[in-house]
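In this note's numbering, the protein residues as written are 775 to 1032. Think of the CB as a built atom: it goes at the ideal place given N, C-alpha and C, for glycine as much as any other residue. One structure is given here, and the rest of the page talks about it.
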């Protein structure tokens, strides 16, 4: 039985997305093996030129959404939100710039997700390229490690809510959780954890602001903005506690400890 064209497009789009993410990890770990792979696929099955062109346009559209899709199923959301909250807690508006925050978040995400993406590539994409498995099986194998990663991080209440809203009801086998319920539940869980971490980050900087404001008030210097005085103290405090190392290691360990 032939696979419907829409499902075929979704499959190849998902495999291409997995390839983009896994290729970097594979190149770092097994450079010779990764560069030796050759990806060839044919979207057409003897159809008209118009149909083939439309399928190609649809595939390119899916590929253009690949970065966004990778963001929602990885650790990127939690990391970038925490770093953004850190910048707000210190009181800096444009430092570090968004480019630096996003770049650091991407590299930390690659570090955290490398084993998962490597497993997706080896179990799903590589056998499909070698024509050892079917497209349906390749899709399930490729998504499997990502599904397990999200299941380890998602909150049960969030997942139960989306399963109830989708009409699925309780799932007997967690590995069979539908992605349409798992992905939004995972994102909400990541945002919740990011805000929890952000609250803890704000506390010491808030204390510094309160102490500086109290000192200025007691000295009668009410016209001097407390933020201007407290900013250097917050910066040196963050440097002395080695904040970047502490926060980065804590974020990485927050995914590995589950």
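- Assignment of residue 952 by DSSP, reduced to helix, strand and coil, places it in the coil class.
- Using a Cβ-Cβ distance cut-off of 8 angstroms, the region 838–853 and the region 883–895 are in contact, since at least three pairs of beta carbons, one from each stretch, lie closer than that value.
- Pairing residue 1008 with residue 975 gives a Cβ-Cβ distance that is not under 7 angstroms.
- Leaving aside the five residues that flank residue 935 on each side, the residues in its chain whose CB is nearer than 8 angstroms to its CB run, in chain order, 959.
- With a cut-off of 8 angstroms on Cβ pairs, the region 905–924 is in contact with the region 947–956, counting three or more such pairs.
- Sixteen is the threshold: since fewer than 16 other Cβ atoms of the shown chains lie within 10 Å of the Cβ of residue 946, the residue is exposed.
- Looking at the backbone, the Cα of residue 871 and that of residue 973 are separated by about 21 angstroms.
- Note that the C-beta distance between residue 856 and residue 968 is below 7 angstroms.
- Cα atoms of residue 962 and residue 932: separation of roughly 7 angstroms, rounded to the nearest angstrom.
- DSSP, reduced to helix, strand and coil, places residue 1023 within a helical segment of the structure shown.
- Linking residue 994 to residue 1000 through their CA atoms gives a straight-line distance of about 12 angstroms.
- Sequence-distant Cβ neighbours of residue 906 in its own chain, meaning closer than 6 angstroms and more than five residues away, do not exist here.
- Per DSSP, residue 844 is one residue of the alpha helix (DSSP H) stretching across 840–846.
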